[in-house]
Structure formats: structure tokens, C-alpha cells
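For the sequence shown, the positions run 1 to 187 when UniProt numbering is used. Contents: one structure, followed by commentary.
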Amino acid sequence: MKIEKSIYVLLILVPLFLTSCGAKKKTLYSNAGKVETGKIASRKGTKKGNLTAYYADLLGTDAKALNADLYSFIDDWMGSPHRMGGLTRSGIDCSAFVGMVYNEVYRKDLPRTSRDMAQRIKRKYDNQLQEGDLVFFSFGGRDIDHVGVYLQNGKFVHVSTKQGVVISNLKDTWYYKYLKRCGTPTS
1 MKIEKSIYVL
11 LILVPLFLTS
21 CGAKKKTLYS
31 NAGKVETGKI
41 ASRKGTKKGN
51 LTAYYADLLG
61 TDAKALNADL
71 YSFIDDWMGS
81 PHRMGGLTRS
91 GIDCSAFVGM
101 VYNEVYRKDL
111 PRTSRDMAQR
121 IKRKYDNQLQ
131 EGDLVFFSFG
141 GRDIDHVGVY
151 LQNGKFVHVS
161 TKQGVVISNL
171 KDTWYYKYLK
181 RCGTPTS
């Protein structure tokens with residue numbers, strides 16, 4: 001009986017592990033470099049205009065160029081911890097977060113796993129990316145095992161295994177080395 005239960009648990013956990021986020025390096029960037037998590041936490045509850053101004057400064061762009069709903073959503077989740085298979089602010093994985101971004105902000109449904117999402121995009125080169133496009137990584141081999149949402153000026157939001165929901169620089173050597181695919185989700 002114990003052996004059957006152990007096998008059942010392994011059959012559930014192994015697929016979750018294989019399809020979850022694989023990012024190892026976690027950083028949150030601003031124009032000047034890393035931003036402390038405390039700065040993020042202190043902005044909670046600010047008005048949308050101030051919020052877009054904050055993110056415009058962080059990304060080095062004009063606030064009018066930003067989708068206010070996207071950055072409000074991101075801000076609500078910023079710092080939420082990573083949990084493989086998680087779906088809540090107390091723990092979420094990369095593909096669930098991206099799926100929620102698309103459902104809440106763009107009113108589109110995406111597949112549950114990063115690997116399946118990667119099969120349903122119109123591919124682009126990284127220099128063609130626009131806000132809302134998806135970026136896919138492979139940290140463990142050939143298969144896609146991590147996904148994020150492109151923002152502006154080379155930055156993307158994703159769920160880091162150590163820092164949770166963060167904004168990172170796509171051109172960072174670590175991320176760029178493992179970037180495998182990017183593009184716009186198709187209907």
C-alpha cells in the first residue's frame with residue numbers, strides 16, 4: 001500500500017517538476033541596476049498614474065507607452081513567491097503567472113505549461129519584441145521550461161524560483177544564454 005501511494009505521488013510530482021519554471025538566476029532591474037524588494041513593497045496601493053510613472057522610470061520609457069492594466073497586475077503580484085504548480089499569491093509558477101496575465105489583462109486564454117504556450121506563438125526575433133509578447137527559456141536542456149512576459153526596453157516579468165515575481169533584463173548574459181523562443185501568442 002505504501003509503495004502504491006509513493007508511486008502515485010511521484011507520478012504527480014515529476015510532471016509538475018518537468019513543466020515548471022527552471023530559472024536559477026533571479027534579479028530585478030532598474031536603469032541603474034538592481035532594485036531592492038523593499039522599494040517594490042512600499043509602492044503597494046499607489047494610484048495607477050503613479051504606478052505607470054514608476055514602471056516607466058524603471059523601464060526607461062514614457063508612461064504613456066505603458067499598458068496601465070498590465071503594470072497594475074504585475075504590481076499586485078510583485079514579489080509573490082514561486083511554488084511549482086501554484087496558482088495563488090502565496091505561491092505561483094511561471095506558466096500560471098503568464099496565463100493569468102493574459103487572461104486578466106488581454107482577455108486571452110493560454111495553455112497551462114510553458115512548453116505548450118511556446119507551440120502557440122507567432123515567432124519573432126528578440127529585437128522585434130513588443131510589450132505583452134512572450135519569452136521562453138530552456139534551462140535544463142532542449143525543452144522549454146520557463147516563460148515570461150516581455151515589457152519594454154529589454155525587460156521582462158517572470159517568476160523566479162528564489163525571488164518570486166520579478167522584472168529582469170532579457171539581455172543579461174544568464175537569461176540571453178538560455179533564451180530559446182519569443183513571440184506573440186496566437187488565438
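Idealized CB from N, CA, C, for every residue including glycine. Just so you know, these numbers come straight off a predicted model, no measurement behind them.
### Query
From this set, G85, T52, A65, G99, which residue's C-alpha is nearest V149's C-alpha?
G99
#### Entry: Limits of the unbroken alpha helix (DSSP H) element including F136
No alpha helix (DSSP H) contains F136, which is instead part of the beta strand (DSSP E) from 134-137.
### Task
For T186, count neighbouring Cβ atoms within 10 angstroms of its own Cβ and tell me buried if that reaches 16, exposed if not.
exposed
### Query
Given G38, which residues of its chain have a CB within under 8 Å of its CB, disregarding the five upstream and five downstream residues?
Confidence in G38 is poor, its pLDDT being 38 and thus under 50, which makes the residue's placement too unreliable to answer from.
### Query
Distance, Cα to Cα, C182 vs M117?
Between the alpha carbons of C182 and M117 lies a distance of about 10 Å.
### Helix, strand or coil at R115 according to DSSP, with G and I counted as helix
helix
### Task
With DSSP as the reference, please indicate the residues paired to F156 in a beta bridge.
Y150, S168
### With 16 other Cβ atoms within 10 Å as the buried cut-off, status of T161
buried
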